[in-house]
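Undergrad:
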Amino acid sequence: MAAKEFSVYMAGVGGQGLVLLSNVMGSACASAGIRALTGEQHGLSQRSGSINVHMRIGEEIQSPLIPIGGADAILALEALEALRYVEYLRPGGVVLMNSRVQHPVIETKEHMRDKTATYMSADEVQKMMAEVTDKIAVLDALGIANKAGNPLTENVVMLGAISTLEDFPIPIDPLKKSITENVPAKAVDANLKAFDMGKQAAYDILCDIVKCRK
Amino acid sequence: MFGGRSILRCPIQWPIHAGISSDSVAVKGAFDTGATDLLKEGPGKAFLLCNEAIVRGALEADVKVVSCYPGSPTTEILDTFSDISPKFDYKMEISANEKVALETCAGAAMVGLRSFSSMKSVGMNVASDSMFSLSYTGVKGGMVVVVADDPHAHSSQTEQDGRPFGPNAYVPMLEPSYPDEARRMVKRAFEISEKHGTPVIIRTTTRVNHQSGIVELGKMQRVPFKRLAWNHPPGRFVTVAESARKFKAALLARTARMQEEFDTSDMNLVKDTGSELGIITCGAGYNYSVDAARILGITPSILKLGTTYPLPRKLIADFIKRIKTVVIVEELQPYLELHVTAIAKDANPGLKIIGKWTGHFSESLEYNPNIVVDALSKVSGIKAPVNYGAILAKAIELKKGLPDRPPTFCPGCPHRATLHAVLDATRGMKHILSTDIGCYSMSYLQPLEYGDSLLSMGACLGVAAGMQYAAEEKVIAMIGDSTFWHAGMPGLVNAIHHGDDLTLIILDNEVTAMTGQQPDPGRDYNAGGKPAKPLILEKVIRAMGIDDITIVDPYQVRTAVVPIREALTRKGPNVIISRRACALYADRNKRHRGEVIGTNKVDKEVCKRPYSCIRSFHCPAISIDDADRKAFITRELCDRCDVCAKLCPYGSIKPREGE
């Protein structure tokens, strides 16, 4: 099956399960006969460091790294990390962003010294991102994950959200199958629920600004 | 939330690395996800990390002995081999260091079995002493060593280029660009190794190892493990003096034969488009070259070299005869550029060679599609369709005020507590900290910025020895347990023998934490969970000749200060062992036992904002509430190590219960 090319830049904080998110997408591609590749980040930037994964889908793509201005979407599991990689978004590309902010320790260190300082917020990030695209959706992925029954399903909420895009080339069924195969048996229900709730949330806030699947 | 691709362990790693998943990811046990696909019988397709594809290639080649030491970007090779080992009959060990790992493979291959090792670039530095000799003696069974460079020094102390090991040691070197090619090359490498009786290096870089893609699964035709009889004349693998001179002549002849073979090998790919512009590239450079040409809409001829030693000189000569300009796309040193320049002298003296020497590329940092687009754009005169400069300028403007997020110690990390206690204990004490390779290396980064020197695995002791000769200050050396076993012991032997006045702090967190908590010689198990004899640090050190050993628990962050201070004021050499399991490792074990990991909270009625829980501690779970400037603990991040609770003078940090 020849899929349309699609590159998504995934960002987050070490420990959020980003690499596994790309692995589930990749496995879904393998079972659907779609060519996919990723550039992943392992190593030093693990826990609590900034993490990114380049996910690329398309028959002709060879580079695991997305060029500047080459991402059709940024999928950010943490708000600040969406802004950190903004140069990868193609002009007018889609931003799917978790509203959760994890404050870096060096920002907290500054706040200890400067009593007037406030943390950078998801709203501020959204305002910045709005200068390069009008297609931004902010989700409370943690809240949705909690409603789905498991706070650790934040990443699957975001996966459900991006799966609504008309341009997203992986069909829903292989994605769900891949989730089922990849999560612990006892967590399958919560994860599938998180996926559907993420999808619904995206339909509510994203689909009047971006073309979504029917 | 997904079960891990690298099953038995969580991530975190450094000059070395490992898996994935946070410890918040539920673990399903071995053979989930990637590993399941990895084990499927071919033919078929799977989405695999290149490091998993390398394992798959070795399994398809019926590897019999595997021996590695973890190191990013190769660690998932070791982890995958370890995780699946109960399913197979290959012998596997996680060795004390890379040199031992390589020698273990050498011994097995001398007997006649196929053996495999993987190591990062700097690991080969340690192993290379034996590698050079092994190239002389040769092997009988196939022996393949993956050596991974780390351009950009993502998780390494240098940006070393491993390709000169090929010509320097006369060891053939293959270089894949993507996962499926890596799988095929590993199989070919075993065949070349046995045909020519030489170890073979597979050279990779971070962006090749840490690339996932669709991999074709071949047949796994495995023969049951069987020991072989030693079937060699005396001295067969002894290289010294006269035998070394004989081996040298033989290996030169062997290299010439391989060079001829590689001239027609399908591991070197020629895409001849008839263009006057050509690209010669290898490894990750190929991936960026293909995409850069697509972005610009040009169709240069491409020679992708898969055999980077010996280089296929005739193939290169034929390629450059047909073009007028060649762009050399290779990271780090101008290795191909040097050889292409030499070959062009006869083959095409008028050839325009674009590379590092013309200033189009740098020897520093890793490449990406944009770097190659820029160079090809300059050479071809075709403008990129996107104004990259404008996008980057806008991004820089938008990111003003965005706080950095460098890697830091995990919530619950015992190193954070040890460093707090050491900083307390050394207040007013002028000292130099000679540190080493491991998670604790991060202390030199923000926010602590503590640490004065770091060279290589085990170097803290030798460096400290020199410092105590030369410096006026107290000298402290700091090393982790795994790094101590790896290369720290000779440094301590030296310090004891010479009576050096230094204090060694060993951070014993029970595992090789940075790479994903692999067992080290202090554990009672090894690869695949099989039983192993644990070595006890203090027993070993006492036997070496030091009686002044102080053992503290870093979680007792207050009571540990006095013993540490007292030890530091005594004449060295003496040792402090700060012992507490890596938090990720401990949490995983707790979860296996079904124990709940609690979290703490700040009682805001009690908090008087002394920030004792933040100052010199800097846990990612603790921030300051913008509303009342009081400390705030993020429930999802707290590990409940209780160290911050011990630091608070008002007792405001309490268990979160019933929430």
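Read top to bottom, the protein sequences are chains P and C. Numbering-wise (this note's numbering), the first sequence opens with residue 5 and increments by one. Numbering-wise (this note's numbering), the second sequence opens with residue 115 and increments by one. The beta-carbon is built from N, C-alpha and C at its ideal position, and this holds for glycine as well. In this text, all values refer to a predicted model and were calculated from it rather than measured experimentally.
(1) Should the segment 501-512 of chain C be called in touch with the segment 469-478 of chain C, which here means at least 3 C-beta pairs below 8 Å?
(2) Under 7 Å Cβ-Cβ, which residues of chain P neighbour residue 740(C)?
(3) Can you list, in chain order, the residues of the segment 492-510 of chain C whose Cβ is nearer than 7 Å to any Cβ on chain P?
(4) Return helix, strand or coil for residue 752(C), following the three-state DSSP convention.
(5) Can you give the Cα-Cα distance for residue 237(C) and residue 159(C), rounded to whole angstroms?
(6) Does residue 307(C) have its Cβ less than 8 Å from a Cβ in chain P?
(7) Should residue 339(C) be labelled buried (16 or more other beta-carbon atoms within 10 Å of its own) or exposed?
(8) Which residues bound the alpha helix (DSSP H) around residue 115(P)?
(9) Run through DSSP, which three-state label would residue 677(C) get?
(10) Tell me where the alpha helix (DSSP H) around residue 593(C) begins and ends.
(11) Exposed or buried, residue 418(C), counting other C-beta atoms within 10 Å across all chains shown (16 or more means buried)?
(12) Going along the segment 7-33 of chain P in order, which residues come within less than 9 Å of chain C, judged by CB to CB distance?
(13) Mind pulling the chain D residues with CB within less than 9 Å of residue 113(P)?
(14) Are any of the Cβ atoms in chain C nearer than 8 Å to that of residue 130(P)?
(15) Going by beta carbon distance, what residues of the same chain come within less than 8 Å of residue 670(C), once the five residues before and after it are set aside?
(16) May I have a chain-ordered list of the alpha helix (DSSP H) segments no shorter than 4 residues that lie completely inside the segment 530-612 of chain C?
(17) Exposed or buried, which one is residue 767(C) when buried takes at least 16 other CB atoms within 10 Å?
(18) Ignoring anything shorter than 4 residues or poking outside the segment 201-256 of chain C, list the alpha helix (DSSP H) runs there in chain order.
(19) Quick check on the DSSP output: what are the complete beta strand (DSSP E) runs of length 3 or more inside the segment 356-420 of chain C, in order along the chain?
(20) Below 8 Å on C-beta distance, what does residue 116(P) contact in chain C?
(21) Nearest by alpha-carbon distance to residue 215(P): which of 35(P), 38(P), 64(P), 140(P) is it?
(22) Here's the rule: buried if 16 or more other CB atoms are within 10 angstroms of the residue's CB, otherwise exposed. What is residue 622(C)?
(23) Quick check on residue 184(P) - is its C-beta less than 8 Å from some C-beta in chain C?
(24) Express the C-alpha separation of residue 202(C) and residue 173(P) in angstroms, rounding to a whole number.
(25) In chain order, which continuous runs of the alpha helix (DSSP H) of length 4 or greater are located wholly inside the segment 18-81 of chain P?
(26) If we define contact as Cβ-Cβ less than 8 Å, is residue 402(C) a contact residue for chain P?
(27) Check the Cβ-Cβ distances between residue 90(P) and every residue of chain C, and say whether any is below 8 Å.
(28) I'd like to check one pair, residue 55(P) with residue 45(P): are the Cβ atoms closer than 8 Å?
(29) Step through the CB atoms of chain C and report whether any lies within less than 8 Å of the CB of residue 204(P).
(30) Would you verify that the beta carbon of residue 170(C) is, or is not, closer than 8 Å to some beta carbon of chain P?
(31) Who are the near neighbours of residue 433(C) in its chain, counting only those whose CB is closer than 6 Å to its CB and skipping five residues on each side?
(32) May I ask which residues mark the beginning and end of the alpha helix (DSSP H) holding residue 319(C)?
(33) Near residue 8(P), what residues of its chain come up, given a Cβ to Cβ distance below 6 Å and the 5 sequence neighbours on each side ignored?
(34) For the pair the segment 151-171 of chain C and the segment 319-335 of chain C, tell me if three or more CB-CB distances fall below 8 Å.
(35) In this structure, does DSSP put residue 186(P) in helix, strand or coil?
(36) What are the start and end residues of each continuous beta strand (DSSP E) run of 3 or more residues lying completely inside the segment 687-752 of chain C, in chain order?
TA: Taking the geometry as given:
(1) no
(2) Your numbering for residue 740(C) matches position 626 in the second sequence. Near residue 740(C) (Cβ distances below 7 Å), the residues of chain P are 122, 123.
(3) 500, 502, 505, 506, 508, 509
(4) Residue mapping note: residue 752(C) aligns to position 638 of the second sequence, counting from 1. Here residue 752(C) sits in coil by DSSP.
(5) Along the second sequence, one-based indexing puts residue 237(C) at 123. Along the second sequence, one-based indexing puts residue 159(C) at 45. Rounded to the nearest angstrom, the two C-alpha atoms are 32 Å apart.
(6) Taking the second sequence and counting its residues from 1, one reaches residue 307(C) at position 193. No, residue 307(C) lies away from the interface with chain P (no Cβ there is under 8 Å from its Cβ).
(7) What you label residue 339(C) is simply residue 225 of the second sequence in a count that begins at 1. The residue is exposed, with fewer than 16 neighbouring Cβ atoms inside 10 Å.
(8) Residue mapping note: residue 115(P) aligns to position 111 of the first sequence, counting from 1. Note, residue 115(P): alpha helix (DSSP H), 109-117.
(9) Locating residue 677(C) in the second sequence gives position 563, where the first residue counts as 1. Of the three classes helix, strand and coil, the one that applies to residue 677(C) here is helix, per DSSP.
(10) Position 479 of the second sequence, counting from 1, holds the residue named residue 593(C). Run containing residue 593(C): none in the alpha helix (DSSP H); it sits in the beta strand (DSSP E), 588-594.
(11) Here residue 418(C) refers to the residue found at position 304 of the second sequence. Burial check for residue 418(C): the Cβ neighbour count within 10 Å reaches 16 or more, so the residue is buried.
(12) Those residues of the segment 7-33 of chain P that come within reach of chain C (Cβ to Cβ, closer than 9 Å) are 17, 18, 19, 20, 21, 22, 23, 24, 25, 26, 27, 28, 29, 30, 31, 32, 33.
(13) Judged by its chain identifiers, the structure shown contains no chain D, and its protein chains are P and C.
(14) Your numbering for residue 130(P) matches position 126 in the first sequence. Not an interface residue.
(15) Counting from one through the second sequence, the residue named residue 670(C) turns up at place 556. For residue 670(C), where only same-chain residues beyond five positions count, the Cβ hits under 8 Å are 760.
(16) Taking only runs of at least 4 residues, the alpha helix (DSSP H) segments lying wholly in the segment 530-612 of chain C are 573-584, 603-612.
(17) For the purposes of this step, residue 767(C) is taken as residue 653 along the second sequence, with counting starting at 1. Under this definition residue 767(C) is a buried residue.
(18) Every alpha helix (DSSP H) of 4 residues or more that sits fully in the segment 201-256 of chain C is shown, in chain order, as 212-225, 235-251.
(19) Secondary structure within the segment 356-420 of chain C: the beta strand (DSSP E) runs of 3 or more consecutive residues, fully enclosed, are 383-385, 391-395, 415-418 (chain order).
(20) Sequence index remark: in the first sequence, residue 116(P) carries index 112 (1-based). Neighbours of residue 116(P) on chain C, chain order: 725, 728, 729, 738.
(21) Residue mapping note: residue 215(P) aligns to position 211 of the first sequence, counting from 1. That would be 140(P), whose Cα lies nearest to the Cα of residue 215(P).
(22) Start at 1 with the first residue of the second sequence, and residue 622(C) comes out as number 508. The residue in question, residue 622(C), is buried, as its Cβ has 16 or more Cβ neighbours within 10 Å.
(23) Counted from its first residue, the first sequence places residue 184(P) at position 180. No - not a single Cβ of chain C is within 8 Å of the one on residue 184(P).
(24) Indexing the first sequence from 1 puts residue 173(P) at position 169. Indexing the second sequence from 1 puts residue 202(C) at position 88. CA-CA distance, residue 173(P) to residue 202(C), rounds to 37 Å.
(25) 22-36
(26) As a first step, residue 402(C) is located in the second sequence; it is residue number 288 there, counting from the start. With 8 Å as the cut-off, residue 402(C) counts as an interface residue toward chain P.
(27) Stepping through the first sequence from its first residue, residue 90(P) is reached at position 86. At least one chain C Cβ lies under 8 Å of residue 90(P).
(28) One-based indexing of the first sequence puts residue 45(P) at position 41. One-based indexing of the first sequence puts residue 55(P) at position 51. Result yes, Cβ atoms of residue 45(P) and residue 55(P) sit closer than 8 Å.
(29) Position 200 of the first sequence, counted from the start, is the residue given in the question as residue 204(P). Cβ-Cβ to chain C under 8 Å: no for residue 204(P).
(30) If you number the second sequence from 1, residue 170(C) lands on position 56. No, no contact with chain P.
(31) As a first step, residue 433(C) is located in the second sequence; it is residue number 319 there, counting from the start. Cβ within range, chain order: 417.
(32) Position 205 of the second sequence, counting from 1, holds the residue named residue 319(C). No alpha helix (DSSP H) contains residue 319(C), which is instead part of the beta strand (DSSP E) from 314-319.
(33) Here residue 8(P) corresponds to residue number 4 of the first sequence, with the count starting at 1. The answer, listed in chain order, is 173.
(34) Contact holds: three or more Cβ-Cβ distances are below 8 Å.
(35) Here residue 186(P) is taken as the residue at index 182 of the first sequence, counted from 1. Helix, per DSSP.
(36) 688-693, 714-716, 736-738, 745-747
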